[in-house]
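Residue numbers (the numbering used here), protein chains in the order written: chain A, 1 to 137; chain B, 1001 to 1118; chain C, 2001 to 2769; chain D, 3001 to 3500; chain E, 4001 to 4142; chain F, 5001 to 5158; chain G, 6001 to 6090. Even for Gly, the Cβ is constructed at its ideal location relative to N, Cα and C. Contents: one structure, followed by commentary.
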Ligand code: NA
Ligand code: NA
């Protein structure tokens, strides 16, 4: 389904959506949002891209199989879950950097956890959708 | 407003049940999704429902000053929604594969007899 | 005692997998085991016959009061000697009998297993331990009956035998446990102290019934007897050992062992006497009509077992004495007859009594053994059988005024049949003219004919000096069965009395019967006409009924239609929930508090319902998906109204993605078909509305219940202060209940991998698992 | 006692799976990771079991939030036992899979999903939070869906559709129940619920709530009339998968019933009667089904149903003796049922079929393997002194005490049916010669020796465990006894979790 | 003063949306419905969002969000309309009978979905009625 | 041109910093202020495109809003009155645009104007197919669009 | 009349009526494309309703939801049109 209008629009919608998804990710701890919604929005951005430019083009854009995002994301989340164990704390305990960062606020392990979730969600949604669109039955 | 939600969830349950009693695989899927929504609303309605007071603490406060919606059901439903999505996605694809294999959407055709077992 | 059992088990466990390493010359070593055990138990005769008994206990499962408790008293010793003694003979015999059999090692493995198990039964002093060995005998019997496993009949018989004895076993287990429950002990020798409690317990009939089920099935009492003729598919040494001399006597042992505990009541006597009496007569009659040597022996065995049951049921001092002696008598002559039959079968390749004749000319030692066994079974004076028969008549005559006549008549009739059957098996093949076809037969090696001969001679010796045999073997056994001293004293000669007269009359009648009764295929054919009346037939009918029912039932419930499964599940759910709701009484609805509605809320609900209706009515899949989306978006709006922005966001994005997924997949599918009948449709509508109403009512009920806000308050109060986040929902998700989220992402990941593999993986048909 | 390590058996599988995902398409690495990881998991489980056995319940407050606010994990003896059993079964299946699963399936994520499944099981056994239990259940079912469909053969997919539909229905009931539970108590922590539920004034609501859990767990554990998914699907996936399912999945339902019934909904008279009725009908349904099946795995499927009824009956009686029986049976059943399906897989390797009509000659050609299998089969039947026997004594004992004669009759019927079908199977598959005209595809004989060992070893391991359970029943009874005590008197669990 | 502006803006917005709704309900063919709804609704929602921006004057984020939403709506709505309109045309959704001209007729390559620009390249000028998407009766478009 | 724009932005940020209130109104005010300052400063420079393009953008926005308003009212009237006044048709509109971006903007704007809707763009990017509600004469419509919307737009974009 | 009540009793009802009108179109169809644009319009009006609601409840966090709706809603429409076209091919 080629459409110049859609293609052009996607060219600037994609970065906007991605930016917005990161925005949702980072502020989830304070306002509605978080890793899930962020990841969903980001994947929707790529889905849109794949609608317009074809799945292959999107794969090229990503530079890797979306499936490979899953272990990365899971790894990050899982690591941030077990990290407190090294400090003698139960898993999942929030660890916080003392300094407040501008714009983002406090940085803690929960942010890394959310980043992991974000990546997993992207990997999952894209894997599902791209696999479907690349498979013919 | 709770009454309204209660009616809605009843209808969603009813609709979901009706759909899973059909023969079509697509309807089965829709039914499952309806049941999922119904359950979510049920959980939602059983917490304390408040209008217009999301469980988000004001920027200049450390705790809530007024009333707020019960955050726990919301968190539970969020988890449930995401899980149902995973299940639904997989189910949809399963549907696709089954259709590719048996060329029908009719659930009654999914009975390979015992004689054909390996 | 434990080691005697373990030794057999260990040998068995070694033989089964590694028996092939045993060279044929080393096989004689196998006989060492039963022989050694026999000698071992012989040494206890002096001690036991003087009324002492031996105890051994090794802890095993103290919690269940199941320890390796063994107790060697007269009854146990009698059986132990039988098992090991006849076992020695059988082992010796089988070594030659199965010389070139490829599965020689397996055979001996099973046989050792059996011997141990049997020893275990008779030595165990704990009901669970007894049961353990009880089941092991069934299992080893299963393997032995099915030993010729290429033969379908053999396999079928093995299954039948296992099923019948297994069924009995489960009943027995139940009975034993109930007994333990009632008496509070699982030690057999202690049960006797609870006798009064037991026999007056309201469940006593049940205990009795269950135990009898165990005993009767094992000992082939009518109507469970038919597995035993089938078990003759086993190699003849097995028939001799298990199915005549030992295993089938396990039931008898059980009855004997429990006689002092449960016996002495009318119920006990009547049950056993009726079952035993009927069995002995029935089987004796049947034995006369068979043409297959082993069949004849099988039925006469059943009959003998019936006699034993009958005697124990009778329960008088004389009866118990008779039983204790007859056990030994029967074991000796019946094992002999079987072994003889085995040799005949082995050499003549037939067991058809109508064809066999004159074999004494070629198999003289065998013929002698057969003759000795036959006369013992007939109760010719100077044989041990004579003593046994005497005692039986003694018992029936002393049964009590009203009964004695009937019972004696019964015994005479049975014994007459058995005399004839014994002659048929032990004499008929050897008498008369040798057919040409058998002229080439040579006497096999002594390994084969020596064991039966020895057993037969033993019978003769015991018959000549019954006092010793009685003193050494039977006295304490009888005491154990009777529960007190029986003052058993066997004599060769009681003088001319009624008993002797009866014995002789029986002998004469039996001999006469033997001469007039010529078994033939015709007769066998005739008797088969009555098969529809036989328990085997009835049981087969019953089994077929069960299979038919199973097929119908399974097909009915598990019919392959998902919707029907759902219907059943949901109806079940509705029934339960409706019942519970009904119990909970009237439902309060606070309309005022619940119904503060705004127009936009109503609109959203109206649309949601409209979408639902549209979804149900539409024939187009895409429209259904659109409806689904509408429902999702309406839910999302609800979440916005009711303060759940996070939910709304997630619901919305996920709904959109689901829509995308749906359309990606759906466009190839055909439109919905209307496949349901109107009736089904109304039924489903009723079921679904019912479910919806129930859930709504439940929700209403729950809503009235005050909720504890402890948890949510904790979250709200500490979300920022402790967890440094202001969006409480998100803080719950990534901190308070972060573990949920962690593994929810795993769920997502798995789904993605699943989708990937489901769509990409195409197994070749040649691919294995 | 607090122990941050009790989740190790969860995380080990999580990380194995993650590493396997990273090593996507590298089947050798995945195999080594799987077997090695499963072994480590087993060791962890043994250590945990030992600690719990010696020192009592361990708890972990995830994210360091005190109960009932955070998610609490608790390893009491029941949990530790279940984890141990899962690890043993998982280890065995892992070994079997390393050669019993086709390379194609490995390339498409068999191993990671398998470890996710084990992770989910361990998590479900350890969690002390009802909603978290739901999450674990979902991990379990989604991985089972994937494993069920992996390979995408027609029959597999047919089974999977039914399996999915009904399992999702179960989750729906379960989740609804959780929602209501939260609605009436405001709590999700099971120990906390245990006290809060008693404060609910409207007792009938508690009854209604319990129905949802009965339905949810009932479907999971495949009891009558909710069992349909099981015989619809268990005969379709690869045997290693079926082994994991057959051994562990339905037992999660039983575990959950035990947990929830002991902590939250102490069975009242109605529930007991209901469960007992269900138990009896389940046993009979399974028995009837098993009688007529000729395909080995369909037969086993019905046997699972049948034997689930045994355990449900024990739960229905809910006394210490009955619970000892149930727990012991559970322990036995997990080991044996796992092994049964591995055996089915091995038979498939040996003969290329699992239909009794087409099988034959196994005993002649593979006597040692056959004998090994025989031991397992007899354990299943409950031939004493093998593992299936002892728990039945407890069940019989208690049902006589409670005058549950119908249940006794069902127990006997079920046992007898099991005995019969196993004997029949033995006669058909092992004794009988391969029927004329059936081409035997022996895929086993050409395998290199080490792969043969990998196929037989797990069956041996589980067989040895079964024999151990039978011979050393005393130990198991000790464990079951303590578990039963903990289930009857939950105060120690509650105390450990709530720390008060 | 501010209140009056808000009232006017919100009323205009709400009415625009209302008209869009009436439009989608009343218009005789798909293309007219599409045409009416897309912009009226975007305009209406845009006006309402401006109200929101004014209502929270002290919060820059609200203004930003409002602008962002308006921006997104204004760029996405026409694209969506274009996509669905084209799909509709492609699947043969008929034009209203009062349609005076259809210059798109015959310009698509049915195989490749390629659209030509030069009327001379038209594969098939509407000579035969069977290929003409302009409906003959009202019923066809309802 | 970019340089001027960035300079203008900088000036408005400085203004915001000076007033100390981070709000849209102060930013917009600062921007206008900065624009005038720059305009005055750059009166003698060569490149003054920046300074007349900005007003043009404003005027275009108002032109566009005017179109939208006008057409909306027309449509609204048509929608709520029982009788239909429209004469719809699909018109081929030959474009002068060069880049995809221009096409995109143009078509978006056309679609946003009530009464007109882009159905598709031809493969060679030369023609738009527009669904028009009030079509008296296709030629007149094309001319109006050419001289109105397209011309103004291209003036800004080029 | 305050602005608040004006919103409550005029603006929101108008929006509500609109959304119901659109739903009638959605219900009636007739073609799937009609339903799709009706769906799209419902979402757009939904954004409006959320906006007004967030004004009324003084909850600006709800606007975040509106952003998501605005950003993503059209993906659904794109998907539908993509496959309506594709389905025509098959
Ligand atoms: Na949707
Ligand atoms: Na409540």
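{"query": "Span separating the alpha-carbon of residue 2257 (chain C) from that of residue 2316 (chain C)", "result": "15 Å"}
{"query": "Ligand 3 heavy atom lying under 6 Å from the CB of residue 2102 (chain C)", "result": "Ligand 3 is not part of this structure, which contains only ligand 1 and ligand 2."}
{"query": "Exposure of residue 2688 (chain C), with buried meaning 16 or more beta-carbon neighbours within 10 Å", "result": "buried"}
{"query": "Any alpha helix (DSSP H) of 4 or more consecutive residues that is wholly inside the region 3405-3439 of chain D", "result": "3405-3425"}
{"query": "Chain-ordered neighbours of residue 5017 (chain F) on chain E, where CB pairs are closer than 8 Å", "result": "What residue 5017 (chain F) touches in chain E: nothing, since even the nearest Cβ is about 15 Å away."}
{"query": "7 Å Cβ cutoff, residue 2607 (chain C) in contact with chain G", "result": "yes"}
{"query": "Where residue 1050 (chain B) sits in the DSSP three-state scheme", "result": "coil"}
{"query": "Inter-residue spacing [alpha-carbon to alpha-carbon] between residue 2015 (chain C) and residue 3368 (chain D)", "result": "11 Å"}
{"query": "Residue from D:3467, D:3472, D:3246, D:3053 with nearest C-alpha to residue 3305 (chain D)", "result": "D:3246"}
{"query": "Contacts that residue 1054 (chain B) makes with chain G (C-beta to C-beta distance below 8 Å)", "result": "6059, 6061, 6062"}
{"query": "Residue burial classification, residue 2032 (chain C) (beta-carbon count within 10 angstroms, cutoff 16)", "result": "exposed"}
{"query": "DSSP-derived helix/strand/coil call for residue 2515 (chain C)", "result": "helix"}
{"query": "Residue 76 (chain A) and residue 116 (chain A) closer than 7 Å at C-beta", "result": "yes"}
{"query": "For residue 5129 (chain F), the three-state DSSP class (helix, strand or coil)", "result": "strand"}
{"query": "Three-state class that DSSP yields for residue 2195 (chain C) in the structure shown", "result": "helix"}
{"query": "Within chain G, the residues that residue 1051 (chain B) reaches when beta carbons sit closer than 8 Å", "result": "6057"}
{"query": "Min CB distance residue 3239 (chain D) to chain B below 7 Å", "result": "no"}
{"query": "Proximity to residue 5098 (chain F) [Cα-Cα], best of F:5016, F:5060, F:5005, F:5127", "result": "F:5127"}
{"query": "Residue-level contact to chain C via CB, residue 79 (chain A), 7 Å cutoff", "result": "no"}
{"query": "Where residue 3025 (chain D) falls: helix, strand or coil (DSSP)", "result": "coil"}
{"query": "Neighbourhood of residue 2171 (chain C) by C-beta, 7 Å cutoff - its chain only, sequence neighbours within 5 removed", "result": "2210, 2213, 2214"}
{"query": "Contact set between residue 5107 (chain F) and chain A, taken where Cβ atoms lie within less than 8 Å", "result": "5"}
{"query": "Within 9 Å of chain C by C-beta, residues of the region 3212-3223 of chain D in sequence order", "result": "3212, 3214, 3215, 3218, 3219"}
{"query": "contact_flag[the region 3085-3097 of chain D, the region 3445-3459 of chain D] where n(CB pairs < 8 Å) is 3 or more", "result": "yes"}
{"query": "Contact belief for residue 3435 (chain D) with residue 3360 (chain D) at Cβ below 8 Å, rounded distance in angstroms", "result": "6 Å"}
{"query": "Residue 5094 (chain F) - DSSP class collapsed to helix/strand/coil", "result": "strand"}
{"query": "Local conformation of residue 4129 (chain E) per DSSP, three classes", "result": "A caution first: residue 4129 (chain E) carries a pLDDT of 49, below 50, which makes its placement in the model unreliable, though a value can still be read off. Three-state result, residue 4129 (chain E): helix."}
{"query": "Closest residue to residue 2741 (chain C) among B:1022, B:1083, B:1117 (Cα-Cα distance)", "result": "B:1083"}
{"query": "7 Å Cβ cutoff met for residue 2252 (chain C) and residue 2322 (chain C)", "result": "no"}
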